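*Asks:* Have a look at this one.
Residue numbers (this note's numbering), protein chains in the order written: chain G, 1 to 310; chain R, 1001 to 1343.
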């Protein structure tokens, strides 16, 4: 009973801390907004193709809602209208792409972050806990991976594996675990000297459980904060690769590949530079806000969990 | 060794224990040929200054040294008839916490801050005993009651930071004793506590020792704690045993200059003292022990021989061993001092 009470007060403390900080509130609000958009995407932007009718005369349902339907044959961007509030480009509705692109962004960000962070934690834990030559070998491997510029490495690997969103994600995971590994290793080096670790060993606890139960819970927060900050930047990187034509296939509801469409229109027409502003603005804005949300959330988490700021 | 009383059986026998640390600056001989035994149900006090090797000895027994430390060939740690140094890691883990438990100096940091004390005691129980979680929890509560923690049903769900230092040390003891070990190694268990709490904790350990019939190795630099709690004493200096005997003998008639120095460094109320005695000099750097006897550079009884040769541990009377060539001189000196005090 006292435990639930305690958790409540701890929960309240965290909540108070978050709501006192306006930028944290903004971050969480944006994040919740994106989550809602991702969840309710089928209702916000119906996955139907108005150009094609089924037998009953209704617009046909899309087989794969992530492939943006072509709804006009004009390849030139069409300015925003009541029906297409963000305008159209390459015959596709930008609004539809931005909405369904939210899901893609979460999918890329979460998958890559979770897998690469777990991998980094495993490598870093083993290196930090066992030390010696194990540490030496693992950290030199980490260094090798770090020495290759991330974007370049991801591009090369994607080219080798072949194009596609999944390949981009594999490439980003392969070259994205080192930060977590180094961070967790540094923290473990510190925590493993604590006496409670020795005490656990003296009780006969297995190494695996010492790392999992005694060391990681005392050192995991910096890694989680780093991971949440990385969520945003990963989406940017994925978008960058998509923009370069390495990522999602043409017409996929992904913010990056939507920007790919705008390549020919970015400069506008002669005389009016911003005549196609909407083609860049909406997907770009979605991306900026998404990254901002994760960074603010990461900041807020750091403030809440950093013991020095308590 | 020779004239042991035969009815007592040693639970733990340490023979020629040598633990060396291979550092970049050289080999640190933290424990260098230590012999002692612990009998069932008794308390063995290991006393010595910081750096004398007493903590390393205790960590060596449980094989918890960090990778730089190596137990040298020829060392023996025989517990219950088994040489612990021959066991593999899994077998050793089954002994740790189950048959040999340990409590530490700093109860503040020896408990994991992110788990409740109940969870930590339960971890030990679940590790070594075949019981379900509910039973383990009840056992944890019973253990907390046993070590004198009030409202154990409530405290079991509290985190270490919510307990006072004394309570935490009690929780540590509960954790260590939850599997009823045959041997408890207590490394400076009361050094970090207030004097009044110290007495309570030591009293508690005595009670539990009687109840469980376990042996205790009490490691401390506090000669007073040894005097009140130990049955036999091992005095360590520079990684070697300097003197060993039962507690009364050591305090009444120390036969090693180092032991005598330690005893003289205790403040006394029965005689007028202008200044508290302290042993001159400092514990030597373990990389640069003086040649010959390791205590020679601080010893008031030193002669030429001490610089050349390390004395052996000799039996000065039955069951009383001293590592000093000139233990008779120490005896003479004590007689003179006693006579002076008497006059």
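Where is the CB? At the ideal position from N, CA and C, for every residue including glycine.
For clarity, every value in this text was computed on a predicted model and none was experimentally measured.
Which of the three DSSP states, helix, strand or coil, is assigned to residue 1214/R?
*Replies:* Within the second chain, the letter at position 214 stands for residue 1214/R. Here residue 1214/R sits in coil by DSSP.
*Asks:* Closest by CA to residue 314/G, which one among 60/G, 15/G, 97/G and 112/G?
*Replies:* The shown model of chain G, from 1 to 310, leaves out residue 314/G, and the question about it has no answer.
*Asks:* How would you list, in chain order, the residues of chain R whose beta-carbon sits under 8 Å from the beta-carbon of residue 124/G?
*Replies:* Stepping through the first chain from its first residue, residue 124/G is reached at position 124. Going along chain R, no residue has its Cβ under 8 Å from residue 124/G, so there is no contact; the nearest lies around 18 Å.
*Asks:* Who are the neighbours of residue 196/G on chain R, taking C-beta pairs under 7 Å?
*Replies:* Taking the first chain and counting its residues from 1, the one referred to as residue 196/G is at position 196. Chain R residues near residue 196/G: 1109, 1110, 1111 and 1112.
*Asks:* Alpha carbons only, please: which of 56/G, 70/G, 48/G and 74/G is nearest the one belonging to residue 63/G?
*Replies:* Within the first chain, the letter at position 63 stands for residue 63/G. Comparing Cα positions, the closest option is 48/G.
*Asks:* For chain R, find out if any of its Cβ atoms is closer than 9 Å to the Cβ of residue 13/G; answer yes or no.
*Replies:* Locating residue 13/G in the first chain gives position 13, where the first residue counts as 1. Not an interface residue.
*Asks:* Pick out whichever of 1256/R, 1319/R and 1034/R has its Cα sitting closest to the Cα of residue 1072/R.
*Replies:* Locating residue 1072/R in the second chain gives position 72, counting from the first residue. In terms of CA proximity to residue 1072/R, 1034/R leads the group 1256/R, 1319/R and 1034/R.
*Asks:* Assuming residue 1232/R and residue 1106/R form a contact by the criterion Cβ under 8 Å, report the distance between their Cβ atoms to the nearest whole angstrom.
*Replies:* The residue given as residue 1232/R occupies position 232 in the second chain. The residue given as residue 1106/R occupies position 106 in the second chain. Going by Cβ atoms, the distance from residue 1232/R to residue 1106/R rounds to 27 Å, so no, they are not a contact pair.
*Asks:* Please state if the CB of residue 157/G and the CB of residue 145/G are separated by a distance shorter than 9 Å.
*Replies:* Looking up residue 145/G in the first chain gives position 145. Looking up residue 157/G in the first chain gives position 157. Cβ atoms of residue 145/G and residue 157/G: not closer than 9 Å.
*Asks:* Does DSSP put residue 82/G in a helix, in a strand, or in coil?
*Replies:* On the first chain, position 82 is the one that residue 82/G refers to. Of the three classes helix, strand and coil, the one that applies to residue 82/G here is coil, per DSSP.
*Asks:* Would you be able to state if there are at least three C-beta pairs under 8 Å between the segment 1254-1267 of chain R and the segment 1282-1289 of chain R?
*Replies:* They do not touch, by the three-pair rule.
*Asks:* Give the DSSP bridge partners of residue 1246/R, in chain order.
*Replies:* Sequence index remark: in the second chain, residue 1246/R carries index 246 (1-based). Note: residue 1246/R sits in a beta bridge opposite 1232/R.
*Asks:* So what does DSSP say about residue 88/G, is it helix, strand or coil?
*Replies:* Residue numbering aside, residue 88/G sits at position 88 when the first chain is read from its first letter. DSSP places residue 88/G in strand when its eight states are reduced to three.
*Asks:* Please list the residues of the segment 1056-1074 of chain R that have a C-beta atom closer than 7 Å to any C-beta atom in chain G, keeping them in chain order.
*Replies:* 1062, 1064 and 1067
*Asks:* Check each residue of the segment 213-241 of chain G: if its Cβ is closer than 7 Å to any Cβ of chain R, include it; give the result in chain order.
*Replies:* 214, 217 and 218
*Asks:* When Cβ atoms are compared, which residues of the segment 1121-1152 of chain R fall closer than 9 Å to chain G?
*Replies:* Within the segment 1121-1152 of chain R, the qualifying residues are 1123, 1124, 1127 and 1128.
*Asks:* Please report the Cβ distance between residue 178/G and residue 120/G, rounded to the nearest whole angstrom; I am assuming they are in contact, meaning their Cβ atoms lie under 8 Å.
*Replies:* As a working note, residue 178/G is residue 178 in the first chain. As a working note, residue 120/G is residue 120 in the first chain. Sure, about 7 Å apart at Cβ, within 8 Å.
*Asks:* Out of 249/G, 214/G and 122/G, which one is the CA nearest neighbour of residue 183/G?
*Replies:* Here residue 183/G corresponds to residue number 183 of the first chain, with the count starting at 1. Closest by alpha carbon: 122/G.
*Asks:* Can you name the start and end residues of the alpha helix (DSSP H) that residue 1222/R belongs to?
*Replies:* Locating residue 1222/R in the second chain gives position 222, where the first residue counts as 1. Residue 1222/R -> no alpha helix (DSSP H), and no H or E assigned at all.
*Asks:* Output, in chain order, the set of chain R residues within a Cβ distance shorter than 7 Å of residue 132/G.
*Replies:* Translated into positions along the first chain, residue 132/G becomes position 132. By Cβ distance, chain R contributes 1067.
*Asks:* Leaving out the 5 sequence neighbours to the left and right, which residues in its chain are closer than 6 Å to residue 338/G when beta-carbon positions are compared?
*Replies:* Chain G is shown only over 1 to 310; residue 338/G falls outside these bounds and no answer can be derived.
*Asks:* Check for me: the alpha helix (DSSP H) holding residue 1128/R runs from which residue to which?
*Replies:* Your numbering for residue 1128/R matches position 128 in the second chain. Counting along the chain, the alpha helix (DSSP H) containing residue 1128/R begins and ends at 1117-1128.
*Asks:* Distance, Cα to Cα, residue 1221/R vs residue 106/G?
*Replies:* The residue given as residue 1221/R occupies position 221 in the second chain. The residue given as residue 106/G occupies position 106 in the first chain. Going by the C-alpha atoms only, they are around 60 Å apart.
*Asks:* Restricting to Cα atoms, I'd like to know which of 1082/R, 1054/R and 1027/R is closest to residue 1012/R.
*Replies:* Here the question's residue 1012/R lines up with position 12 in the second chain. It is 1082/R whose Cα lies nearest to the Cα of residue 1012/R.
*Asks:* Can you tell me which of the three DSSP states residue 1090/R falls into?
*Replies:* Here the question's residue 1090/R lines up with position 90 in the second chain. Reduced to three states, the DSSP call for residue 1090/R is helix.
*Asks:* For residue 282/G, does the three-state DSSP call read helix, strand or coil?
*Replies:* Within the first chain, the letter at position 282 stands for residue 282/G. The answer is helix: DSSP assigns residue 282/G an H, G or I state.
*Asks:* Of all the alpha helix (DSSP H) runs that stay within the bounds of the segment 166-232 of chain G, which reach a length of 4 or more residues?
*Replies:* Counting only runs that start and end inside the segment 166-232 of chain G, the alpha helix (DSSP H) elements of at least 4 residues fall at 178-191 and 195-202.
*Asks:* Do you know whose CA, among 1110/R, 1026/R, 1102/R and 1078/R, lies nearest residue 1165/R's CA?
*Replies:* Sequence index remark: in the second chain, residue 1165/R carries index 165 (1-based). Out of 1110/R, 1026/R, 1102/R and 1078/R, 1110/R has the C-alpha closest to the C-alpha of residue 1165/R.
*Asks:* Return the chain-ordered list of same chain residues with a C-beta closer than 7 Å to the C-beta of residue 1028/R, the five sequence neighbours on each side being excluded.
*Replies:* Numbered from its first residue, the second chain carries residue 1028/R at position 28. Counting only Cβ-Cβ distances below 7 Å, and skipping sequence neighbours, we find 1020, 1021, 1286 and 1287.
*Asks:* From the DSSP output, which residues share a beta bridge with residue 1027/R?
*Replies:* Your numbering for residue 1027/R matches position 27 in the second chain. Paired residues: 1022/R.
*Asks:* Would residue 1001/R be called buried (16 or more neighbouring beta carbons within 10 Å of its own) or exposed?
*Replies:* Here residue 1001/R refers to the residue found at position 1 of the second chain. Note that residue 1001/R has pLDDT 43, beneath the 50 cutoff, so the model's placement of it is unreliable and no number is given.
*Asks:* In chain order, what are the residue ranges of uninterrupted alpha helix (DSSP H) at least 4 long that sit wholly in the segment 24-72 of chain G?
*Replies:* 41-44
*Asks:* Closer than 8 Å is the cut-off here; do at least three beta carbon pairs connect the segment 287-296 of chain G with the segment 12-27 of chain G?
*Replies:* Between the segment 287-296 of chain G and the segment 12-27 of chain G there are three or more inter-stretch CB-CB distances shorter than 8 Å, so the stretches are counted as touching.
*Asks:* Tell me the residue span of the beta strand (DSSP E) that contains residue 1070/R.
*Replies:* Here residue 1070/R refers to the residue found at position 70 when the second chain is read from its first residue. Counting along the chain, the beta strand (DSSP E) containing residue 1070/R begins and ends at 1069-1071.
*Asks:* Any idea if residue 1198/R is buried or exposed, counting beta-carbon neighbours within 10 angstroms, 16 or more meaning buried?
*Replies:* For this step, residue 1198/R is matched to residue 198 along the second chain. Per the 10 Å Cβ criterion, buried.
*Asks:* What three-state label does DSSP hand residue 1285/R in the structure shown?
*Replies:* To locate residue 1285/R, count along the second chain from 1; it is residue 285. Of the three classes helix, strand and coil, the one that applies to residue 1285/R here is coil, per DSSP.
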